[in-house]
Amino acid sequence: MTEHVRLADLTTLGVGGPAEHLVTATTQRDLVDLASAAWDDPDGWLVLGGGSNLLVGDEPVPGTVIRVATKGIEELPGARSGTVRLRVQAGEVWDDLVAHTVSAGWSGLEALSGIPGLAGAAPVQNIGAYGQELGGVLTAIEFLAEGELAPVRMPAAELELGYRSSVLKHGHRGVVVSIELELHDTAGEQAVLGEALGAPVAYAQLANALGVQLGDRVSISAVRETVLALRRSKGMVLDPADPDTASAGSFFTNPIVDEHIARTLPSDAPRWYLEPDAAPEVIALGSTTATPLDEFRAYQASMTAVESREDAGSPVLVKVSAAWLIEHAGIRRGFALPGSRAAISSKHTLALTNRGGASAAELVQLARFVQARVQAEYGIRLVPEPVWVGIEED
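Each residue of the sequence shown is one higher than the one before, starting from 1 at the first, in the UniProt record's numbering.
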């Protein structure tokens with residue numbers, strides 16, 4: 001056990017007070033034993049993975065901080081034809097796992113390349129990017145619930161996975177010990193085509209960057225390389241030489257609102273109807289790949305579907321772009337409050353960055369300023385994506 005370790009040195013935002021007690025688990029047995037002991041700490045406990053989704057306050061962090069550093073990727077027996085089943089220890093670096101699966105010719109994670117953090121944190125947020133979500137390939141987790149002495153297997157169906165959400169994030173306290181995945185084994189395609197093809201490309205920006213149409217299939221290695229390039233262009237791949245990457249990635253989730261609220265936004269505000277039959281043309285209004293005629297037809301089709309659902313008394317939910325809301329509320333890339341060392345990324349308005357020596361208080365002040373501007377302009381309150389520790393949320 002080590003004492004008074006600065007969590008600022010263990011988080012990607014580079015802020016956080018000292019941990020009173022920090023323990024590191026390097027094996028699954030260690031993790032279970034250390035977590036079981038932490039349940040009895042009267043000052044509480046905190047699980048620390050890659051530190052990429054945490055905003056830790058400046059004051060000392062009481063209790064026990066359990067740092068997860070377990071390793072291991074193993075193939076499991078009993079895979080269905082054309083698939084491979086994996087068990088991944090919680091401490092595996094997420095992008096190393098993705099690189100491993102792409103190298104092996106296993107499809108299902110390639111669009112999740114470059115996401116920081118560890119495998120054990122992935123189901124908590126149900127991480128997703130560029131048309132893929134972990135929930136599409138996750139089959140189960142091993143979970144050690146608070147107060148218990150042994151982990152249990154929880155099928156993915158019990159996790160209530162949603163957009164950047166799960167029961168692990170909202171109520172189920174404990175430690176993810178490992179995750180189980182089912183990926184597509186492209187060995188047969190490789191033998192015929194010489195390359196491993198991924199699932200149909202489902203995200204317009206990715207399709208545009210690849211030079212293909214939505215629904216086309218391309219090699220998983222090309223998807224990985226292109227996603228990494230896209231993320232680097234937004235400062236979303238960790239790089240000590242790039243101050244824009246001293247962040248927690250996207251700081252706010254894209255709001256999900258009632259369709260009536262979405263209608264109050266300007267017509268160029270990107271939006272995605274969450275009910276499949278509410279938007280038969282999968283077009284994000286304002287997309288760089290859609291023509292004006294495409295957008296007009298998609299909008300007409302969406303409105304027809306929306307009206308029919310409204311007549312039936314069914315609510316229609318729409319996801320809108322947090323980045324668009326921030327930018328159009330007058331907050332530009334690189335913006336900082338006077339005298340603050342926290343700033344909006346110079347590459348992407350969704351990322352709050354530590355420009356060097358920022359405090360957690362400065363990042364919180366900036367986040368609340370952004371929330372206030374967007375709410376004043378559009379009546380929509382942005383919800384932070386990182387977990388706040390030692391900070392009171394409004």
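Even for Gly, the Cβ is constructed at its ideal location relative to N, Cα and C.
**Request:** Assuming Leu265 and Val316 form a contact by the criterion Cβ under 8 Å, report the distance between their Cβ atoms to the nearest whole angstrom.
**Result:** Not really, about 14 Å apart at Cβ, beyond 8 Å.
**Prompt:** Do three or more CB pairs link the region 97-113 to the region 29-36 at distances below 8 Å?
**Reply:** no
**Prompt:** Can you tell me whether DSSP reads Tyr273 as helix, strand or coil?
**Reply:** strand
**Request:** Would you list, in sequence order, the uninterrupted alpha helix (DSSP H) runs of no fewer than 4 residues that lie entirely inside the region 326-390?
**Result:** 360-378
**Request:** Give the secondary structure of Gly136 by DSSP, where H, G and I count as helix, E and B as strand, and everything else as coil.
**Result:** helix
**Prompt:** Can you name, in chain order, every residue of its own chain whose Cβ lies under 6 Å from the Cβ of Ala19, other than the five neighbours on each side?
**Reply:** Val5, Leu7, Val61, Val65
**Prompt:** Could you give the C-beta distance for Gly63 and Leu46, rounded to a whole number, given that I count them as a contact under 8 Å?
**Reply:** 7 Å
**Message:** Considering Cα atoms alone, identify which of Gly128, Asp258, Gly108, Ala150 is closest to Val218.
**Reply:** Gly108
**Request:** Taking only the alpha-carbon atoms, compute the straight-line gap between Leu197 and Leu274 and give it to the nearest angstrom.
**Result:** 27 Å
**Prompt:** Considering only residues of the same chain and omitting the five flanking positions on each side of Ile115, which have a CB-CB separation below 6 Å?
**Reply:** Trp94, Ile127
**Request:** Kindly indicate which residue of Gly339, Ala358, Ala342, Arg381 has the alpha-carbon position closest to the one of Leu323.
**Result:** Leu is not the amino acid found at residue 323; the sequence shown has Ala there. That would be Arg381, whose Cα lies nearest to the Cα of Ala323.
**Message:** So if DSSP puts Gly174 in a beta bridge, which residue, or which two residues, is it bridged to?
**Reply:** Ala145
**Asked** What residues in its chain sit with their C-beta under 7 Å from that of Phe251, if we drop five residues either side in the sequence?
**Response** Leu350, Ala351, Leu352, Ala367, Pro384, Glu385, Pro386
**For Ser221: DSSP bridge partner residues** = DSSP, once it has assigned bridges, lists no residue as partnering Ser221.
**Message:** Going residue by residue through the region 28-52, where are the continuous alpha helix (DSSP H) segments of at least 4 residues, counting only ones entirely within it?
**Reply:** 28-38
**Request:** Tell me, to the nearest whole angstrom, how far the beta carbon of residue 406 is from that of Thr12; I am working on the premise that it is less than 8 Å.
**Result:** Nothing about residue 406 can be reported from this structure: the residues present for the chain run from 1 to 394 only.
**Request:** On the DSSP bridge assignment, give the partners of Trp106 in chain order.
**Result:** Asp185
**Asked** In the structure shown, what three-state DSSP assignment does Leu265 receive?
**Response** coil
**Message:** Just to confirm my understanding: we take Arg355, look at its own chain, exclude 5 residues before and 5 after, and list those with CB closer than 8 Å. What are they?
**Reply:** Pro243, Ala246, Ala336, Arg341, Ala342, Ala343
**Asked** Taking buried to mean at least 16 other C-beta atoms within 10 Å of its own C-beta, is Val223 buried or exposed?
**Response** buried
**Message:** Out of Glu182, Gly131, Met236, Gly51, which one is the CA nearest neighbour of Ala207?
**Reply:** Gly131
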